[in-house]
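Peer 1: If you're matching them up, the sequences are chains Y and P in order.
The numbering used here puts the first residue of the first sequence at 1, with every later residue one more than the last.
The numbering used here puts the first residue of the second sequence at 1, with every later residue one more than the last.
For every residue, glycine included, the Cβ atom is placed at its ideal position computed from N, Cα and C.
Supplied in structure tokens, the structure appears directly below.
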Amino acid sequence: MTILLELFWTCFQTSLVSFGGVHGGISEWQRVFVTERGWLTAEQLMESYVVGQLAPGPSMVVAVLLGERVAGTPGAVAAFLGTYTAPVLFALGLGALLRRVREVRWMRQVEVALRPLVVGFMAATALGIAQAQWAEAALPMLVVGLGAAACYARGLLRPVPLMMSAGAAYWLVIVLLVR
Amino acid sequence: MESTTTANASPLHALEAPTPEVVHAARTSGLRPRDWILFHLKIGLFGFGHGAIMPMYERVLVRDSRALTAEQFHEALTMALMLPGPSLITLSMHLGKVLFGSAIGLLGVLAMCIPGALWALFIIHAVPVRDPTVHALFRGFTVGALVLLVDMVRRMQRGLRAQSDVPARRDRRYLWRLALTGVVAALLLAHVPMAYVALGGVPVCLAVELLA
Chain Y
1 MTILLELFWT CFQTSLVSFG GVHGGISEWQ RVFVTERGWL TAEQLMESYV VGQLAPGPSM
61 VVAVLLGERV AGTPGAVAAF LGTYTAPVLF ALGLGALLRR VREVRWMRQV EVALRPLVVG
121 FMAATALGIA QAQWAEAALP MLVVGLGAAA CYARGLLRPV PLMMSAGAAY WLVIVLLVR
Chain P
1 MESTTTANAS PLHALEAPTP EVVHAARTSG LRPRDWILFH LKIGLFGFGH GAIMPMYERV
61 LVRDSRALTA EQFHEALTMA LMLPGPSLIT LSMHLGKVLF GSAIGLLGVL AMCIPGALWA
121 LFIIHAVPVR DPTVHALFRG FTVGALVLLV DMVRRMQRGL RAQSDVPARR DRRYLWRLAL
181 TGVVAALLLA HVPMAYVALG GVPVCLAVEL LA
């Protein structure tokens, strides 16, 4: 029981300090799960991280995998609750904050002034993904990426079918290139 | 209490809408609580490639259903990203609460997070991730997500022109904000931690806004 509470609390704290999503969380998980508690090896942590990146939905799911490694299914549940409680609580207060932002002119201006941080963050995520894909295999990325962009721009595919088709197309390009 | 009602000529006028009007917008847009939960379920089940999720919100709320204006979405996204913690969950819970109430908001979060967690557990136990076919599929999902993300960034940079009626080329504040966006992206790409960029970025952004 103690270990479940510990998992919940660790994941709650990590979730709070994981600024900018999973990349902010990884160093904290490393510190607690590997160095402080010795629950996992660094290799197990990295494997969970990679799989967490492959699964659909929020990338913080890595915490659930770590929890399961440490204490089985109950551990996964404790890590799940710990990770997602903090942002839900934050969101409950966010509405009141946003109402103030709309009503008070200077707060509104502060919000607009901070937008470069947000757009820059999104652009960096996109560029980071593009960089990694380019380094791995440039040609399939170009072919599939341009094809998908053309389909999306013409409104032929909606987001989920777009990703599914991109997956299939990428596989096809790899098969054709190898043969 | 100061209000922004004088800004009628700018895209800002849509922004004064307080929560009840947003709720009204959601109703008139035809977006129902059931759609909200199904949308999250879809992300949790099929939303491979993490970069794609924010663009999916924008697409459903702003472009498809028009439940929110682009400005309202941008505002909520800025605040969610500026708060610590996983911003996707903060954004989802906040928007769900604003549109349909806390219970539906929480159901939306669960509908997205539980399938995602089950998928991750399934993958780690049963999927040969190193297999070339599986590897290629996941890479393809990521390329698809990249397309959605680039499209969103392209449209979001228009939000940098808020509060302005001057043409883009002569809008000094917009050009400064665009330059800052580039600097932020470059720092993050150089692996400077997001927390440092945000902490340092807030005063710089505010100073530039005052001086520009």
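Per DSSP, what kind of secondary structure is P:G47 in: helix, strand or coil?
Peer 2: As a position in the second sequence, residue 47 of chain P is number 47, starting the count at 1. Reduced to three states, the DSSP call for P:G47 is coil.
Peer 1: Going along the chain, which residues of its own chain have a beta-carbon closer than 7 Å to the beta-carbon of Y:A79, five neighbours each way excluded?
Peer 2: Counting from 1 along the first sequence, the entry for residue 79 of chain Y is found at position 79. Closer than 7 Å at the Cβ level, and outside the excluded window around Y:A79, lie L7, C11, A63, V64, L66, G67.
Peer 1: Could you work out which residues of chain Y lie near P:R59, taking near to mean beta carbons separated by less than 7 Å?
Peer 2: Position 59 of the second sequence, counting from 1, holds the residue named residue 59 of chain P. Residues of chain Y passing the Cβ test: P159.
Peer 1: Against chain Y, with Cβ distances strictly below 8 Å, would P:A70 count as a contact?
Peer 2: Reading the second sequence from its first residue, position 70 is the one you call residue 70 of chain P. It does not: the Cβ of P:A70 has no partner Cβ on chain Y nearer than 8 Å.
Peer 1: Counting only runs of 4+ residues fully inside the segment 24-60 of chain Y, write out the alpha helix (DSSP H) ranges in chain order.
Peer 2: If we require 4 residues or more, the alpha helix (DSSP H) runs fully inside the segment 24-60 of chain Y come out as 42-54.
Peer 1: Among the candidates Y:Q13, Y:S59, Y:Q30, whose CA atom is the shortest distance from the CA of P:A117?
Peer 2: In the second sequence, counting from the first residue as 1, residue 117 of chain P sits at position 117. Minimum Cα distance to P:A117 is reached at Y:S59.
Peer 1: Taking the alpha carbon of P:Q157 as the point to measure from, which residue in Y:Y152, Y:I26, Y:F90, Y:P116 has its own alpha carbon closest?
Peer 2: Here residue 157 of chain P is taken as the residue at index 157 of the second sequence, counted from 1. Out of Y:Y152, Y:I26, Y:F90, Y:P116, Y:P116 has the C-alpha closest to the C-alpha of P:Q157.
Peer 1: For Y:Y84 versus P:I89, is the C-beta spacing smaller than 8 Å?
Peer 2: Along the first sequence, read from residue 1 onward, the residue named residue 84 of chain Y stands at position 84. Along the second sequence, read from residue 1 onward, the residue named residue 89 of chain P stands at position 89. Closer than 8 Å, so yes.
Peer 1: Is it buried or exposed, P:G96, if we count other Cβ atoms within 10 angstroms and call 16 or more buried?
Peer 2: Indexing the second sequence from 1 puts residue 96 of chain P at position 96. Burial call: buried.
Peer 1: Does the beta carbon of Y:A149 come closer than 8 Å to any beta carbon on chain P?
Peer 2: Here residue 149 of chain Y refers to the residue found at position 149 of the first sequence. Judged by the 8 Å Cβ criterion, Y:A149 is in contact with chain P.
Peer 1: What would DSSP say about P:V192, mapped onto helix, strand or coil?
Peer 2: Here residue 192 of chain P refers to the residue found at position 192 when the second sequence is read from its first residue. P:V192 falls in the coil class under three-state DSSP.
Peer 1: Are any of the Cβ atoms in chain Y nearer than 8 Å to that of P:E209?
Peer 2: Taking the first residue of the second sequence as 1, we reach residue 209 of chain P at position 209. Yes, contact with chain Y.
Peer 1: Going by DSSP in three states, P:V166 sits in which element: helix, strand or coil?
Peer 2: Taking the first residue of the second sequence as position 1, residue 166 of chain P is located at position 166. Residue state, collapsed to three classes: coil.
Peer 1: Does the segment 125-142 of chain P come into contact with the segment 60-75 of chain P, if we say contact requires no fewer than three beta-carbon pairs (one atom in each stretch) closer than 8 Å?
Peer 2: Output reads no: the segment 60-75 of chain P does not touch the segment 125-142 of chain P.
Peer 1: Would Y:P251 pass as a contact of P:L45 if the rule is Cβ separation under 8 Å?
Peer 2: Nothing in the structure corresponds to residue 251 of chain Y, since chain Y is present only between 1 and 179.
Peer 1: Distance cutoff 8 Å, beta carbons only. Does Y:M141 sit that close to anything in chain P?
Peer 2: The residue given as residue 141 of chain Y occupies position 141 in the first sequence. At least one chain P Cβ lies under 8 Å of Y:M141.
Peer 1: With DSSP as the reference, label Y:M1 as helix, strand or coil.
Peer 2: The count along the first sequence starts at 1 and reaches residue 1 of chain Y at position 1. Residue state, collapsed to three classes: coil.
Peer 1: Shorter than 8 Å from the beta carbon of P:A14 to some beta carbon of chain Y?
Peer 2: Taking the second sequence and counting its residues from 1, one reaches residue 14 of chain P at position 14. In this prediction, P:A14 scores a pLDDT of 34, lower than 50, which makes its location untrustworthy; no coordinate-derived value is stated.
Peer 1: Tell me whether the beta-carbon of P:L149 lies closer than 8 Å to the beta-carbon of Y:F121.
Peer 2: Walking along the second sequence from the start, residue 149 of chain P turns up at place 149. Walking along the first sequence from the start, residue 121 of chain Y turns up at place 121. No, the pair does not count as a contact, with Cβ atoms beyond the cut-off.
Peer 1: Could you tell me which uninterrupted alpha helix (DSSP H) segments, each at least 4 residues in length, are contained entirely in the segment 76-150 of chain Y, listed from first to last along the chain?
Peer 2: Complete alpha helix (DSSP H) runs here, min 4: 105-113, 115-136.
Peer 1: Would you mind telling me which residues of chain Y sit closer than 8 Å to P:P115, beta carbon to beta carbon, in chain order?
Peer 2: For the purposes of this step, residue 115 of chain P is taken as the residue at position 115 of the second sequence. Near P:P115 (Cβ distances below 8 Å), the residues of chain Y are P56, G57.
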